[in-house]
Amino acid sequence: MATQRLTLAQAIIKYLINQHVERDGHQNEFFGGTWGIFGHGNIGGVAQALQQYSSDMPYYLSRNEQAMVHSAVAYAKMNRRMKAQACLSSIGPGATNMVTGAATATVNRVPVLCLAGDYFAERVQSPVLQQLEFPFTQDQSSNDTFKPVSKYWDRIQRPEQAITSLPEVMRILTSPAETGAAVLALPQDIQTYAFDYPEEMFRKRIWSIPRNRADTTSIERAVAWIRAAKTPLIIAGGGIRYSAAEDALMAFVEQTGIPVAETHAGKGSLLFDHPLSLGAAGVSGTEAANIIAPEADLIIGIGTRFTDFPTSSKTAFRHPNVRFININVFEMDAYKHAAIPLVGDAKVTLEELAVAVGDYQVDNSYRQRCQQLNQKWNDEVERVYSAAMTPISQGEVIGAVQASAEPRDVVVTSAGSLPGDLLKLWRCKDSLSYQVEYGYSVMGYEIAGGLGAKMAAPDREVYVMVGDGSFMMMNTEITTAIQENIKLIIVVVNNNGFSSVGRVSENVGSLGFGCHYRYRSNSGAYDGDVLPVDFVKICEGLGAASIKADSLSDFKKALVAARASTKTTCIVVNTDWDERVPGYASCWWDMATAHTSENQDVNAAREIYEKEKSAQRYLMVPGAPFQS
């Protein structure tokens, strides 16, 4: 058997270079580069290997380990999970910084490989710098914290173990159902050890991405439920985007007349101007979707986890006999809400359902009502966009960005009030134009995520919309964008605090406690003057062009200048804390409220909470499952 003598680190990088994926006859390299920050836990191992193979595996220097994983998450999302990136860290804090990023990847079900530096396997030097010790074992490190947030975890204790571990890594990363963060803990000495690896390990390998088909009997039962439905509703999730099922969805909708509501991950599955597009469902939903959802007698979930936001904490679907059909590659999600589980790829399952339902169509009156709600909602969006508020409202800011953007341009955000407002208001004219991370809703994801999205789609303009709270969490990847000559348009929306959490605080009776960026006054509370944070100077100091917009007119001019520029540009705009895009129709979020308090506002909020909670439905089983 022919062999190559390589270090473990060299073998890992060489193996990754030769991994490819294929779906529907299209083939591409799987790994689009490696992010990293070097230290004593990887400098002699993986760092050396990346230097050796730099022509085949691009290396990108980040400023924060969490940020690099967020960039990789956005990169994979934008590539419909057909490409991924690796991220590497040194031992200790560098590795644990990546944990939040790994959780983001796993929650959003996108592939990211984390290569974490680890202790010395030989233990002679222990404890080494940044090594966390345990009195009950020597076979554990801070890297064990990755286990609950990853889909695959392994510690390579001998160089030959890579021969069996790396294929398992690829199995997970390319699995439509099981993908997420894959983590390899790499003891720093073992990274440098040499082994005679079989040459066949480094031959080009093509991983075929399957389009699994649902069980035939389950499809037959689903068809019976669809044909019996009077007011069915589709909830479109991220599975549509990842399976490239947008055309199949539109064909199914036009064939049957079933309207579509969407989640964050599924936004744009059916473009906003389709007459049967009702917009977002649930807590941050549109009036159109939130009027139809309680009336729906059948919910068809496609590629969604049914989190508390689209379900309004299990209060959105109120028809007494509502039933569920769930199309999902992940069995756990397919079975939620006592559904008929169609465990399969969204595209092929929709195509097969379309054939099976035949000439079924919803009543024309229902179709027309949904179309009227679509138009009414678009009128409401126009109203919010042109509210002419002083100071500028967040809705107006979104409207100006929407008007500035071309159909294929991309908007990126993650946390705070912006995701909810964008979910309601952003008009998707392209299925990949909305890249909002709301599975983990990480503060600080935004700029790093914008960077990853732009790397995946350099021909698209990327608008990063970030609140002041998230910006203060992590803004250093502006410098990374400058370093890599990658242009972003970054809109910093400043309302001097945590507006979204402030609203939740008000809802539970706490009156926005601890949510404002203000000086502590003599009273002991944060109710003094607004903190003098100069976001323009911060952005300039990190290397970006920076513009302050004090009016809507100034903001629109700044957007024109940013589009014309070839350099990352930050636009800072102040908005009103109190002026918010309203909630629409029946949408409630279960935010636990204190049973008792000396604060009467809290007690009043508790009464409202108990009333709303009484509408929750835990099982949603309308009689025996699988009966038409």
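Using our numbering, the letters of the sequence shown map in sequence onto residues 73 to 700. Backbone N, C-alpha and C fix where the C-beta goes; we use that ideal spot for every residue, glycine too. These figures come from a predicted structure and were not determined experimentally.
For the options Ala666, Val221, Asp417, the alpha carbon positioned closest to that of Thr178 is the one of Val221. For the pair Thr79 and Thr236, the CB atoms are not nearer than the 8 Å cut-off.
Between Phe389 and Ala368, the C-beta spacing is below 8 Å. Per DSSP, the unbroken alpha helix (DSSP H) holding Val453 starts and ends at 436 to 457.
Residue pairing by DSSP puts Met537 in a beta bridge opposite Val563. Counting only residues of its own chain and dropping the five nearest sequence neighbours on each side, Ala308 has a CB closer than 6 Å to the CB of Val332, Glu334, Gly338, Ser341, Ile374.
Leu305: member of the beta strand (DSSP E) spanning 304 to 308, first to last residue. A distance below 6 Å between beta-carbons, with the five flanking residues on each side excluded, links Phe543 to the following residues of its chain, in chain order: Val564.
At the C-beta level, His391 and Tyr510 stay beyond 8 Å of one another.
In the three-state scheme derived from DSSP, where H, G and I count as helix and E and B as strand, Ala472 is classed as helix. Leu350 sits away from Leu258, with the two beta carbons spaced by 8 Å or more. Contact holds between the stretch 147 to 167 and the stretch 103 to 112, because three or more Cβ pairs, one in each stretch, are under 8 Å apart. Excluding the 5 residues flanking it on each side, Phe570 has same chain C-beta neighbours closer than 6 Å at Gly541, Cys587, in chain order. Here Ala388 carries a coil assignment [DSSP, helix/strand/coil].
Within the model, the alpha-carbon separation for Arg395 versus Lys683 is close to 24 Å. For Gly524 against Gly488, the beta-carbon gap comes to about 19 Å, at or over 8 Å, which does not count as contact. The Cβ neighbour count for Ala81, taken over all protein chains shown within 10 Å, is at least 16; the residue is labelled buried. Asp650 and Val514 have their C-alpha atoms some 23 Å from each other. DSSP, read as helix, strand or coil, puts Trp107 in strand.
In the structure shown, Gly338 falls within a coil segment according to DSSP collapsed to helix, strand and coil. Residue burial is scored here from C-beta neighbours: Tyr690 has fewer than 16 other C-beta atoms within 10 angstroms and is therefore classed as exposed. Across the set Ala352, Asp481, Ile372, the C-alpha of Ala352 shows the shortest separation from the C-alpha of Trp449.
Taking the C-beta atoms as reference points, Val241 is found no nearer than 8 Å to Ala249. For Gly373, the enclosing beta strand (DSSP E) stretches over residues 370 to 374. Assignment of beta-bridge partners to Glu94 by DSSP yields Gln99, Ser280.
One alpha carbon belongs to Pro231, the other to Asp261, and they sit about 10 Å apart. A Cβ-Cβ contact shorter than 8 Å links Thr421 with Ala286. At the C-beta level, Leu504 and Met154 stay beyond 8 Å of one another.
Note on Tyr591: under 16 other CB atoms within 10 angstroms of its CB, so exposed under the neighbour-count rule.
In this chain, the alpha helix (DSSP H) harbouring Lys526 covers 517 to 528. Per DSSP, Ser542 has no beta-bridge partner at all. Contact annotation: the stretch 416 to 435 touches the stretch 302 to 318, with at least three C-beta pairs closer than 8 Å. Counting C-beta atoms within 10 angstroms of its own C-beta, Val196 has fewer than 16 neighbours from the protein chains shown and is therefore classed as exposed. Taking C-beta atoms under 8 Å as the contact rule, Ile281 and His92 fail to qualify, at a distance of about 11 Å. Cβ atoms of Leu445 and Ile372 stay farther apart than 8 Å, at about 18 Å. Secondary structure of Thr168 (DSSP, three-state): helix.
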